[in-house]
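Structure record follows, encoded as structure tokens.
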Amino acid sequence: MSDPLESLRNRIDELDRNLIEALAERQRIVAEIATLKADPALPLQDVERERDLLSRVSALASAQGLDSYFVESLYRRILEHSVRFQAARQDHERGGAGLVVAYQGVEGSYSHTAARSHFAATQGEVQFHGYRSFAAALEAVIRGEAEVAFLPIENSLTGSITETYDLLSQTNLHLIGEEVHRVEHCLVALKPAPLGLIRRISSHPQALAQCSNFLT
8 MSDPLESLRN
18 RIDELDRNLI
28 EALAERQRIV
38 AEIATLKADP
48 ALPLQDVERE
58 RDLLSRVSAL
68 ASAQGLDSYF
78 VESLYRRILE
88 HSVRFQAARQ
98 DHERGGAGLV
108 VAYQGVEGSY
118 SHTAARSHFA
128 ATQGEVQFHG
138 YRSFAAALEA
148 VIRGEAEVAF
158 LPIENSLTGS
168 ITETYDLLSQ
178 TNLHLIGEEV
188 HRVEHCLVAL
198 KPAPLGLIRR
208 ISSHPQALAQ
218 CSNFLT
């Protein structure tokens, strides 16, 4: 007699394989669509179609007793990846020489890791150059040192990062994509110390603002 738990797990494994196969087939179709959109004048993103798709899958999820918010957020990630995949595919087919991404911070910073995640599907070399400020990263694009700047625009705790919007308003640059990235700050000291004895903390103003409830 088979183990009921093992039997159920085997069914889940089979469903997972089917999901992966469906995602792979979806990406193959996305690649064909990218080829049909070879004309640079054609937009990669059809906002109206995406809105209809999200509404449709949300309704289907509810009808199946699933959490519609979870399913919709999952499909948003799939759509975001599809747009990035199409852009990377087109760049590769046009013989793109690679991509230079400007960001504020150093290697391993939140902006750097988020940028690496965002451009993971890019075919060809991607170089990430860190700059001391948001303004310097934008200037790198304006001067032609980088093709894109990757900057934070919103935080779930502190809201919009107004410095980025203020700087963008002074340029002719445009927002062309987004990446939702989890941020987890750590308090680091040279040696163990009770929190009550700490009198001074050095960090980026945004990080301090995001941790204000903990620090006060």
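Heads up, the sequence shown is in my numbering, so the first residue is 8 and it goes up one at a time.
Positions of the beta carbon are idealized from the N, C-alpha and C atoms, including for glycine.
Here the structure is a predicted model, which is why all the values come from computation and not from measurement.
With 16 other Cβ atoms within 10 Å as the buried cut-off, status of residue i
i	result
Gln-93	buried
Ser-89	buried
Gln-177	exposed
His-211	exposed
Leu-81	exposed
Gln-71	exposed
Tyr-117	buried
Gly-115	exposed
His-119	buried
Tyr-138	buried
Ala-41	buried
Whole-angstrom C-beta distance between residue j and residue i, which should lie under 8 Å
i	j	result
Ala-61	Glu-87	In the sequence under discussion, the amino acid at residue 61 is Leu, which differs from the Ala named in the question. Actually they do not touch by this definition, with Cβ atoms about 12 Å apart.
Phe-135	Ala-122	6 Å
Phe-141	Thr-171	6 Å
His-188	Ser-124	7 Å
Asp-74	Ala-66	Going by Cβ atoms, the distance from Asp-74 to Ala-66 rounds to 13 Å, so no, they are not a contact pair.
Leu-174	Leu-204	With a Cβ gap of about 38 Å, Leu-174 and Leu-204 do not count as contacting.
Selected residue, minimal CA-CA separation from residue i, among the options
i	options	result
Gln-217	Gln-177, Ala-196, Ser-163 and Gln-52	Ser-163
Glu-186	Gln-111, Pro-159, Phe-221 and Ser-65	Pro-159
Leu-31	Ser-75, Gln-52, Pro-11 and Ile-85	According to the sequence displayed, residue 31 carries Ala and not Leu. Closest option to Ala-31, Cα to Cα, is Ile-85.
Ala-214	Glu-161, Ile-149, Leu-174 and Leu-182	Glu-161
Pro-201	Val-190, Asp-59, Leu-222 and Leu-15	Leu-222
Thr-129	Ile-149, Gly-115 and Ala-95	Ala-95
Gln-111	Ala-147, Asn-179, Ala-41 and Gln-34	Ala-147
His-181	Ile-149, Ser-167 and Arg-207	Ile-149
Ile-183	Thr-165, Lys-198 and Gln-52	Gln-52
Val-190	Arg-206, Arg-207 and Thr-165	Thr-165
Ile-208	Leu-194, Asn-220, Gly-131 and Ser-167	Leu-194
Pro-50	Arg-91, Arg-83, Gly-151 and Asp-10	Arg-91
Glu-57	Leu-26, Glu-13, Phe-77 and Arg-83	Arg-83
Touching by the beta-carbon criterion (3+ pairs, under 8 Å), the region 144-163 and the region 104-116: yes
Beta strand (DSSP E) runs wholly inside the region 102-163, at least 3 long, in chain order: 106-111, 133-138 and 155-157
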